[in-house]
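Going by our numbering, the first residue of the sequence shown is number 68, and it counts up by one from there.
Where is the CB? At the ideal position from N, CA and C, for every residue including glycine.
From a predicted model like this one, the values you see are computed outputs, not experimental measurements.
I have placed the structure first, in the form of structure tokens, so that the comments after it can refer back to it.
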Amino acid sequence: MAALQARVAQAARVCVLTGAGMSAESGIPTFRDAQSGLWARFDPMQLASEEGFRADPRLVWDWYAQRREGVRRAQPHAGHVALADFARRRPGVLTVITQNVDDLHQRAGLLGTIRLHGDILQDQWLSPSRHAPACDLAQAVPGRPPRCALCGNLVRPGVVWFGESLPHGAWQAAEQAAQACAVMLVVGTSGVVWPAAGLAAAARRSGAHVVIINPAATEIDGDAHEHLAGPAAELLPKLLM
Ligand code: BJW
Numbered sequence: 068m069a070a071l072q073a074r075v076a077q078a079a080r081v082c083v084l085t086g087a088g089m090s091a092e093s094g095i096p097t098f099r100d101a102q103s104g105l106w107a108r109f110d111p112m113q114l115a116s117e118e119g120f121r122a123d124p125r126l127v128w129d130w131y132a133q134r135r136e137g138v139r140r141a142q143p144h145a146g147h148v149a150l151a152d153f154a155r156r157r158p159g160v161l162t163v164i165t166q167n168v169d170d171l172h173q174r175a176g177l178l179g180t181i182r183l184h185g186d187i188l189q190d191q192w193l194s195p196s197r198h199a200p201a202c203d204l205a206q207a208v209p210g211r212p213p214r215c216a217l218c219g220n221l222v223r224p225g226v227v228w229f230g231e232s233l234p235h236g237a238w239q240a241a242e243q244a245a246q247a248c249a250v251m252l253v254v255g256t257s258g259v260v261w262p263a264a265g266l267a268a269a270a271r272r273s274g275a276h277v278v279i280i281n282p283a284a285t286e287i288d289g290d291a292h293e294h295l296a297g298p299a300a301e302l303l304p305k306l307l308m
């Protein structure tokens, strides 16, 4: 740990990629945990896809509504705070890239987080092109899901579903940060979802020292130089002292 602390302290650029495990200790379930994960009870491909939403909009809307409540109730933990403190102490050094759709990094005080998979607290139209400029999200008719009074278009959560492209600017910024960093910390992600899972290998190819922080094995362990086996809320404050 001491050698890694020194490496992080001296790095000109540090990049942190976070996944659902980063929010687990704030009480937000991970996706693929066998016991408590959201997708132990539901089929992820069914729920987190446009196809699934069109097949059963009420089921998917209710699932997201329940998760939005969980996000609003959750509070950032010591790991989120450690990242925000590090960014304040060392301006311009840290880039956080998150796959999480919650706002816990932001609420811990971290500015400029790159959000690859959107924002669960935002709404958007299911078919935006049919719509503008006549219809207004704020005027959507309440329902499960809400819909446009003029054309019937449905409201959906502002997240990136399977088969959808990541926000172009966010992805470009993430790739650049991965390629420019001296140290990458990969925190709380199983590494099964692409293209985010490829960022660790991209960082390593560009010369970064890659460290996984996760109590369990991941699909991308082979891309890392080190694996710190433990929870984010405990290890990040130690590492970023
Ligand atoms: C702890 C802890 C603690 C627990 N501390 N750790 C290349 C190869 C194969 C497939 C593809 C490919 N490229 C693209 C694909 C298809 C697809 C994909 O990846 N499929 C795979 C499943 C095979 N990807 C896409 O479709 C992406 N789009 C895309 O590529 O666009 C281009 C394209 C377009 C059209 C056709 C083809 C390509 C989009 C991916 C969008 C992912 N969206 C979701 C849902 C968001 C909305 C929502 O929240 O509902 O994002 S899926 C879900 O997985 C969510 C997460 O961000 C993402 C990653 O999950 P994460 O964070 O890793 O969570 P878990 O649960 O898996 O892991 C938690 C980890 O935490 C575990 O390891 C625990 O051990 C650990 N942990 N407690 C630290 N305290």
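Note down, in chain order, each residue of its chain lying with its Cβ closer than 7 Å to the Cβ of residue i, except the 5 sequence neighbours on either side.
i      : result
Ala241 : Ile164, Ile181, Leu183 and Leu266
Pro298 : Glu92 and Pro282
Leu171 : Ser90, Ser93, Ala141, Pro143 and His147
According to DSSP, simplified to helix, strand and coil, what is residue i?
i      : result
Glu301 : helix
Glu293 : strand
Trp192 : strand
Gly225 : strand
Val83  : strand
His276 : strand
Leu114 : helix
Glu92  : coil
Asp288 : helix
Val148 : helix
Val138 : helix
Leu266 : helix
Val260 : coil
Looking at the strands, I want to know which residues DSSP matches up with residue i.
i      : result
Ile187 : Beta-bridge pairing links Ile187 to no other residue.
Thr165 : Thr85 and Arg182
Met251 : Cys82 and Val277
Arg214 : Val208 and Leu221
Roughly how many angstroms lie between the CA atoms of residue i and residue j, to the nearest whole one?
i      : j      : result
Phe229 : Gly119 : 10 Å
Gln142 : Gly219 : 36 Å
Leu307 : Ala76  : 7 Å
Leu126 : Arg135 : 14 Å
Leu193 : Leu161 : 34 Å
Thr23  : Asp169 : A question about residue 23 goes unanswered here, because the residues of the chain that appear run from 68 up to 308.
Pro195 : Trp128 : 18 Å
Glu293 : Lys305 : 16 Å
Leu178 : Gly274 : 26 Å
Ala122 : Gly225 : 18 Å
Asp186 : Gln243 : 22 Å
Phe153 : Val277 : 18 Å
Gly289 : Val250 : 16 Å
Leu204 : Arg74  : 47 Å
Cys248 : Gly159 : 12 Å
Leaving out five residues before and five after residue i in sequence, what residues of the same chain have Cβ atoms less than 6 Å from its Cβ?
i      : result
Ile287 : Gly258, Ala264 and Ala267
Val253 : Leu84, Ala267 and Ile279
Cys202 : Cys215 and Leu217
Out of the options, point me to the one whose CA is closest to residue i's CA.
i      : options                           : result
Arg223 : Arg211, Gln239, Pro262 and Leu252 : Arg211
Ala270 : Ala245, His292 and Asn167         : Ala245
Asn167 : Phe153, Trp130, Pro158 and Val227 : Val227
Ala87  : Glu117, Thr97 and Asp110          : Thr97
Ala175 : Asp186, Ala149 and Pro200         : Ala149
Leu71  : Leu295, Gln173 and Ala300         : Leu295
Who are the Cβ neighbours of residue i in its own chain at under 8 Å, not counting the five residues just before and after it?
i      : result
Pro262 : Leu233 and Trp238
Ala207 : Asp190, Pro213, Arg214, Cys215, Ala216 and Val222
Arg139 : Leu188
Tell me, please, whether the CB atom of residue i is closer than 8 Å to any CB atom in chain D?
i     : result
Glu92 : Going by chain labels, chain D is absent from the structure shown, which holds only one protein chain.
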